[in-house]
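Residue numbering for the sequence shown follows the numbering used here, beginning at 227 and increasing consecutively. The block underneath contains the structure these notes are about, expressed in structure tokens.
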Amino acid sequence: MLLPTASPIPGAAVRRTRKSPLSTLLARLAALIALVVLGALCPSAAQAAEEPGTKAAGLHISDGRLVEGNGNDFVMRGVNHAHTWYPNELGSLADIKAQGANTVRVVLADGHRWTANTASDVANVIAQCKANRLICVLEVHDTTGYGEDSAAGTLDQAADYWIGLKSVLAGQENYIVINIGNEPWGNTDPAGWTAPTIAAIQKLRNAGFEHTIMVDAPNWGQDWQQVMRTNAQSVYAADTTGNLIFSIHMYSVFDTAAEITDYLNAFVSAKLPILIGEFGGPADQWGDPDEDTMMATAEQLDIGYLAWSWSGNTDPILDLVLNFDPAQMTSWGQRIFNGANGIAQTAKEATVFGGGSGDTQAPTAPGTPTASAVTATSANLSWTASTDNVGVAGYDVVRVSGGTETKVAASTANSVTVTGLTAGTAYSFAVYARDAAGNRSARSATVSVTTADTPAGSCSVGYRVVGEWQGGFQGEIAIRNTGTSAVSGWKLAFTFANGQTVSNMWGGTAAQSGGAVTVTPASYTNTIPAGGSVTVGFIGSKGATNTAPTAFTLNGAACVNG
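See the structure below:
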């Protein structure tokens, strides 16, 4: 069965659940039963959702799609932000917007498990979302894993919380979506999800709420037993306004393209509104989510996605930026914001904020950037500001290589620190300006930057055996950067003395010749920040003796062992 890797604790967002081989089999059996016996959401048998006559005043559902009050499609492209545990980091909304997002999903608490966010606090969150031209999805996190996690609250309690906030939510239908409760059922009897979900929806409608409502799936949000998929039609029909959208959370349960495309296409074909309300990409011992297919399919189907999460995770593997600092963007952040089908490429601002307003004049080209504070893995760039007839909304910094460009950073000011660079490497950077209507300037002239070499010997390595069995063992290697600048694109080398071999690794890729092993990073462990560390784990084979390696080098320089 699936188990969460950690329980939510104040001040730390949670890694999501992963699957075992047994859960994979159960998931596929459940899917088969749902399709064969129930005909659930199969495109060939699906019936379009009825189109109720009542419309929300603002964001609402039309023909199975989320649209704005003026009828324009709105496709969410954004991230999750752990506000309830980090109430002093609300300034992150401006940073999230600067990366191009059009939506932010904000973590709140109803008081069952964590201290409730007050009406004045929620009103401030909404105001800050609007000031930063972001559509705001508000969610109660206390419901996470109900039925399996004894600390979780109920959807009924969450509905009461929303009703208590009605005075600050009413009138905001153009700007907010109410996500009743996060992952409101665990893996214990997930069929129990359906009735409380319907009841919570109807409780809010009976209280007069006209907002679009979002509901999360059971199985810790991943619906691997197909409960939401099977019952989506009846849940949708229970909302008399028809302004309901389903949210699937995609982590390592969704590790193949077929699983992702099958699930999302089933809802779209049935004209049942859906988005990916959370997802991750970095792999670990539980599996490797296929984020590339998630993002590509969302773009193909014009459905929303909201990546987990901006910053503050207990395990920073899923932090898009470290320490709430956009200058410390991780490889996961680069993938989400600047990668293929990422936010920078695909996000369109809501028209309620003026997007598509008829402004067709582009800003002037920025001045040629200048570089300063160049380290082995980062460089500060600054340039003369652009001008615009309405106003410059921000700047996009691109790496230029021959005839290709890759966006590497974004900023609302005329300077930025580009991170994640490789030591001893030559780069060429340029800058574009953009306005709120999406008009883009001509490109600036380029600046050439060569990063510094990585300091030698600034590392320590901790090696341990997690567990052993006859013929095999599990190992873990923690690599710490003891230097003063980040290390990117590293290579770790060591030698086994007793004929051990690495058969599977997460957090890195192993190559072995005899006893000599080299490890190169995964995308999410590529950068080791100054004073920080990354961890790789592996499964290996062994004989009767399993002596630990005693010497390690990082990029050819010897590391301290321990």
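We treat Cβ as the ideally placed atom computed from N, Cα and C, and that holds for glycine.
Within the continuous beta strand (DSSP E) that includes Trp446, where are the two ends?
Taking the first residue of the sequence shown as position 1, residue 446 is located at position 220. Element bounds for Trp446: n/a, residue is neither H nor E.
Locate the alpha helix (DSSP H) running through Pro422, then write down its first and last residues.
The residue you call residue 422 lines up with position 196 of the sequence shown. Run containing Pro422: 420-432, per the alpha helix (DSSP H) assignment.
Where the alpha helix (DSSP H) containing Asn491 begins and where it ends
The count along the sequence shown starts at 1 and reaches residue 491 at position 265. According to the DSSP assignment, Asn491 belongs to the alpha helix (DSSP H) that extends over 483-495.
Alpha-carbon to alpha-carbon, Gly617 and Asn665:
Counting from 1 along the sequence shown, the entry for residue 665 is found at position 439. Counting from 1 along the sequence shown, the entry for residue 617 is found at position 391. Distance between the alpha carbons of Asn665 and Gly617 is about 11 Å.
Please determine if the segment 392-409 and the segment 349-365 are in contact, where contact requires at least 3 C-beta pairs separated by less than 8 Å.
The segment 392-409 and the segment 349-365 touch, with no fewer than 3 CB-CB distances between them shorter than 8 Å.
Using the beta-carbon count (16 or more within 10 Å), is Asn781 buried or exposed?
For the purposes of this step, residue 781 is taken as residue 555 along the sequence shown, with counting starting at 1. Label assigned to Asn781: buried.
From the DSSP output, in three-state form, read off Thr630 for me.
Residue numbering aside, residue 630 sits at position 404 when the sequence shown is read from its first letter. Looking at Thr630 - three-state DSSP - the assignment turns out to be strand.
Pick out whichever of Gly650, Ile543, Asn730 has its Cα sitting closest to the Cα of Ala533.
As a working mapping, residue 533 is identified with position 307 in the sequence shown. Of Gly650, Ile543, Asn730, the residue nearest in Cα terms is Ile543.
Let me check understanding here. Comparing Cα to Cα, which of Ala353, Ile287, Thr467, Val305 lies closest to Asn298?
Within the sequence shown, the letter at position 72 stands for residue 298. Its Cα nearest to that of Asn298, the residue Ile287 stands out among Ala353, Ile287, Thr467, Val305.
With 16 other Cβ atoms within 10 Å as the buried cut-off, status of Gly438:
Here the question's residue 438 lines up with position 212 in the sequence shown. It should be pointed out that residue 438 corresponds to Thr in this sequence rather than to Gly. By the 10 Å Cβ count, Thr438 comes out buried.
For Pro247, which residues from the same chain have a beta carbon less than 8 Å from its beta carbon, with the 5 sequence-adjacent residues on both sides left out?
Counting from 1 along the sequence shown, the entry for residue 247 is found at position 21. Residue placement at Pro247 cannot be trusted, given a pLDDT of 35 that sits under 50; the coordinates are not used to answer.
Using the C-alpha atoms, what's the distance from Gly317 back to Ala327?
Residue numbering aside, residue 327 sits at position 101 when the sequence shown is read from its first letter. Residue numbering aside, residue 317 sits at position 91 when the sequence shown is read from its first letter. If you take the alpha carbons of Ala327 and Gly317, they lie about 15 Å apart.
Give me, in chain order, the residues of the same chain whose beta-carbon lies closer than 7 Å to that of Ala573; leave out the 5 immediate sequence neighbours on both sides.
Reading the sequence shown from its first residue, position 347 is the one you call residue 573. Same-chain partners within the cutoff: Arg303, Gly326, Ala327, Asn328.
Assign Glu525 to one of three DSSP states: helix, strand, or coil.
For the purposes of this step, residue 525 is taken as residue 299 along the sequence shown, with counting starting at 1. When DSSP states are grouped into helix, strand and coil, Glu525 belongs to the helix group.
Could you please give the first and the last residue of the uninterrupted alpha helix (DSSP H) stretch that includes Asp218?
This structure cannot settle anything about residue 218, because the visible part of the chain is limited to 227 through 788.
For the pair the segment 725-736 and the segment 507-524, tell me if three or more CB-CB distances fall below 8 Å.
The segment 725-736 vs the segment 507-524: in contact.
Let's see if you can read the secondary structure: which residues bound the beta strand (DSSP E) around Ile705?
In the sequence shown, the residue the question calls residue 705 occupies position 479. For Ile705, the enclosing beta strand (DSSP E) stretches over residues 698-707.
For the segment 520-533 against the segment 734-747, are there 3 or more C-beta pairs whose distance is under 8 Å?
Taking 8 Å as the limit for Cβ pairs, the verdict is that the segment 734-747 does not touch the segment 520-533.
Let me make sure I understand the geometry here. Which of Ser376, Ser537, Gln526, Asp289 has the alpha-carbon closest to that of Thr310?
As a first step, residue 310 must be located in the sequence shown, where it is residue number 84. Comparing Cα positions, the closest option is Ser537.
Alpha carbon to alpha carbon, what distance is there between Asn787 and Asn772?
Translated into positions along the sequence shown, residue 772 becomes position 546. Translated into positions along the sequence shown, residue 787 becomes position 561. Their Cα atoms are separated by approximately 17 Å.
With burial defined as no fewer than 16 other Cβ atoms inside 10 Å of the residue's Cβ, what is the status of Val263: buried or exposed?
Counted from its first residue, the sequence shown places residue 263 at position 37. Its pLDDT being 36, under 50, Val263 is placed unreliably in this model, and the coordinates cannot settle the point.
Check whether Arg331 and Gly559 have beta carbons under 8 Å apart:
Counting from one through the sequence shown, the residue named residue 331 turns up at place 105. Counting from one through the sequence shown, the residue named residue 559 turns up at place 333. Inclusion of Arg331 and Gly559 in the CB contact set at 8 Å is not warranted, their separation being larger than that value.
Are the segment 408-422 and the segment 439-458 touching, with three or more C-beta to C-beta distances below 8 Å?
The answer is yes - the segment 439-458 touches the segment 408-422, with three or more Cβ pairs under 8 Å.
If you compare alpha carbons, which of Val494, Ser627, Ala611 is closest to Asn640?
Taking the sequence shown and counting its residues from 1, the one referred to as residue 640 is at position 414. Minimum Cα distance to Asn640 is reached at Ala611.
Rounding to the nearest angstrom, what Cα-Cα distance links Gln383 and Asn549 in this structure?
Taking the sequence shown and counting its residues from 1, the one referred to as residue 383 is at position 157. Taking the sequence shown and counting its residues from 1, the one referred to as residue 549 is at position 323. In a straight line, the C-alpha of Gln383 is about 32 Å away from that of Asn549.
Assuming the contact rule is C-beta atoms closer than 8 Å, Ala602 and Ser711 should be a hit. Round their C-beta distance to whole Å, please.
Stepping through the sequence shown from its first residue, residue 602 is reached at position 376. Stepping through the sequence shown from its first residue, residue 711 is reached at position 485. With 8 Å as the limit, Ala602 and Ser711 qualify as a contact, their Cβ atoms being about 5 Å apart.
Closest by CA to Gly568, which one among Asn445, Thr672, Gly507?
If you number the sequence shown from 1, residue 568 lands on position 342. It is Gly507 whose Cα lies nearest to the Cα of Gly568.
Let me check one thing: in DSSP terms, what residues is Gly763 bridge-paired to?
Within the sequence shown, numbered from 1, the residue matching residue 763 stands at position 537. Gly763 is bridged to Glu702, Trp732.
When you compare each of Gly766, Asn707, Ser686 to Trp695 by their alpha carbons, which one comes out closest?
Position 469 of the sequence shown holds residue 695. With distances taken between Cα atoms, Trp695 lies closest to Gly766.
Per DSSP, cross-strand counterpart(s) of Ser695:
Here residue 695 is taken as the residue at index 469 of the sequence shown, counted from 1. Correcting the residue type first, residue 695 is Trp in the shown sequence and not Ser. Beta-bridge annotation (DSSP): Trp695 is paired with Gly698.
What residue range is occupied by the uninterrupted alpha helix (DSSP H) comprising Val394?
By one-based count along the sequence shown, residue 394 stands at place 168. That run of the alpha helix (DSSP H) goes 392-395.
Just to confirm, is the Cβ distance from Arg660 to Ala619 under 8 Å?
On the sequence shown, position 434 is the one that residue 660 refers to. On the sequence shown, position 393 is the one that residue 619 refers to. In this structure, Arg660 lies near Ala619, with their beta-carbon atoms less than 8 Å apart.
Beta-carbon gap between Ala636 and Tyr621 smaller than 8 Å
As a working mapping, residue 636 is identified with position 410 in the sequence shown. As a working mapping, residue 621 is identified with position 395 in the sequence shown. The answer is yes: Cβ separation under 8 Å.
Return the chain-ordered ranges of every alpha helix (DSSP H) run that is complete within the segment 317-345 and spans a minimum of 4 residues.
With a minimum length of 4 residues, the continuous alpha helix (DSSP H) runs that stay inside the segment 317-345 are 318-324.
Strand pairing of Arg625, partner residues [DSSP]
Locating residue 625 in the sequence shown gives position 399, where the first residue counts as 1. The partner list for Arg625 (beta bridge, DSSP) reads Thr632, Phe655.
With a CB to CB cut of under 6 Å and the five nearest residues on each side skipped, what residues in its chain are close to Ile389?
By one-based count along the sequence shown, residue 389 stands at place 163. Leaving aside the five residues that flank Ile389 on each side, the residues in its chain whose CB is nearer than 6 Å to its CB run, in chain order, Ala433.
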